[in-house]
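For reference, the structure discussed in these notes is given below.
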């Protein structure tokens, strides 16, 4: 009997061991790109310090500086700069300044539109990658904001010096000098490339075509905004492919027509808005505040501050967000001046006859379709989702300084939907425009992610 018990115990033990050895290993679900792990898999390169060992403090400080440069009303004598261009080029510069310390990642040279070769690092030499990023971003902001106020120009220099002094206590002088020189050379090459993007093309004042149903300026004395964006170079090749979206219905002044009903929807909603919808419209008007895409700079900064990513992940995120914001803006405004769709206020007053009707927020001086707040925001939000995940909750404090209440979201998708709809609440866009424009922005983000190979093993 005892012998049988021993045999049974032995067989049970053998089955248990076999089962354990055959059991599939269960791994935790990885993040969208598992950025730190990708770098970790490459191993430490001898004595050289990798980018992932530095914090993203340098990027967050420069994003905060950009908010000072973009905030309106601007200081007397200062000139405006659109955030989309600054974000696009600064994101690339930050990434290129540190990618050599990211063994699993590759440069964007040969991938972006006519993008120049980037400088090479000295083999076997150490680099302080935060110092490289600091030098690159200082140089880029100086060059991208030449009409900044004297106070902000001094602030750029002061921030650069403050960070340099901090890094000087962390590394020897030769490594610091080499790192700074590398970052500055990256910025020099990128800005020289940026200078040829069509932004500075001499153009006459834009005069919109006149005709039945054509867009008319809502501020007749002011220039039409961004009318020549179609001349600007897209950063990602073929990024506009497949971004066409259904146009608004044919213009008609007939009551009950599709166009009439589309406008009437805005008119009807304006009388039943909730207090929260009105607050959303005002919060997202961005003027005073951060117009021209500046709000996205603040959102990105707040996400980085919450996540506390290492420098490699933050630089990669900056590149992705910058590419999306830059190219989505150009695609959106190019289409605006193709379709020349009238704004709700023009139709409601001049066709429907409600001459005293007004919007909650001022109507921008450019055509209605597509919606910039919807197209650009969805491209940026999809990139933020790609970096931070589908369920990254964030409470926005962008306009605390204006006395506005913070707004909380369970995801970037939820934030994107509210930001798009805020323009309907404000009375300046149609529902179908905002819905379709979000589809356009998502396609822009998708095209970028499918075209640009950040990881070396993406081949």
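Residue numbers (the numbering used here): 123 to 581.
Ideal Cβ placement from N, Cα and C applies to all residues, glycine included.
What you are looking at is a predicted structure, and each value in this text was computed from that prediction instead of being measured.
Proximity of residue i and residue j at Cβ, strictly below 8 Å
| i | j | result |
| --- | --- | --- |
| residue 448 | residue 188 | no |
| residue 359 | residue 573 | yes |
| residue 467 | residue 407 | no |
| residue 367 | residue 561 | yes |
| residue 193 | residue 405 | no |
| residue 452 | residue 354 | yes |
| residue 559 | residue 496 | yes |
| residue 455 | residue 348 | yes |
| residue 218 | residue 230 | yes |
| residue 518 | residue 424 | yes |
| residue 244 | residue 300 | yes |
| residue 211 | residue 316 | yes |
| residue 535 | residue 507 | yes |
Length of the line joining the Cα atoms of residue i and residue j
| i | j | result |
| --- | --- | --- |
| residue 403 | residue 548 | 5 Å |
| residue 277 | residue 478 | 46 Å |
| residue 302 | residue 331 | 51 Å |
| residue 203 | residue 443 | 18 Å |
| residue 305 | residue 214 | 12 Å |
| residue 414 | residue 205 | 6 Å |
| residue 487 | residue 458 | 11 Å |
| residue 489 | residue 328 | 13 Å |
| residue 429 | residue 288 | 23 Å |
| residue 387 | residue 464 | 15 Å |
| residue 346 | residue 556 | 21 Å |
| residue 524 | residue 264 | 27 Å |
| residue 191 | residue 380 | 43 Å |
| residue 298 | residue 284 | 14 Å |
| residue 182 | residue 480 | 39 Å |
| residue 515 | residue 224 | 28 Å |
| residue 584 | residue 569 | With the chain covering 123 to 581 only, the question about residue 584 has no answer from this structure. |
| residue 476 | residue 270 | 42 Å |
| residue 369 | residue 571 | 26 Å |
| residue 576 | residue 436 | 13 Å |
| residue 344 | residue 338 | 12 Å |
| residue 335 | residue 397 | 33 Å |
Helix, strand or coil at residue i according to DSSP, with G and I counted as helix
| i | result |
| --- | --- |
| residue 413 | coil |
| residue 531 | strand |
| residue 432 | strand |
| residue 569 | helix |
| residue 158 | Low per-residue confidence applies at residue 158: pLDDT is 45, beneath 50, and the placement is therefore not dependable, though the value from the model is reported in the following sentence. Three-state result, residue 158: helix. |
| residue 358 | coil |
| residue 394 | coil |
| residue 227 | strand |
| residue 177 | strand |
| residue 194 | strand |
| residue 577 | strand |
| residue 170 | coil |
| residue 298 | helix |
| residue 562 | helix |
| residue 323 | coil |
| residue 483 | coil |
| residue 381 | helix |
Terminal residues of the beta strand (DSSP E) in which residue i lies
| i | result |
| --- | --- |
| residue 517 | 516-518 |
Span of the alpha helix (DSSP H) around residue i
| i | result |
| --- | --- |
| residue 278 | 272-290 |
| residue 210 | 205-220 |
| residue 252 | 251-266 |
| residue 510 | 494-510 |
| residue 472 | 466-472 |
Supposed contact pair residue j and residue i - C-beta distance, whole angstroms, cut 8 Å
| i | j | result |
| --- | --- | --- |
| residue 258 | residue 216 | 6 Å |
| residue 227 | residue 236 | Contact flag wrong, Cβ pair sits at about 22 Å. |
| residue 538 | residue 513 | The pair is not a contact, with the Cβ atoms about 14 Å apart (cut-off 8 Å). |
| residue 184 | residue 433 | Not really, about 12 Å apart at Cβ, beyond 8 Å. |
| residue 474 | residue 389 | 7 Å |
CB contact check: residue i to chain D, cutoff 8 Å
| i | result |
| --- | --- |
| residue 273 | This model lacks chain D altogether; it includes just one protein chain. |
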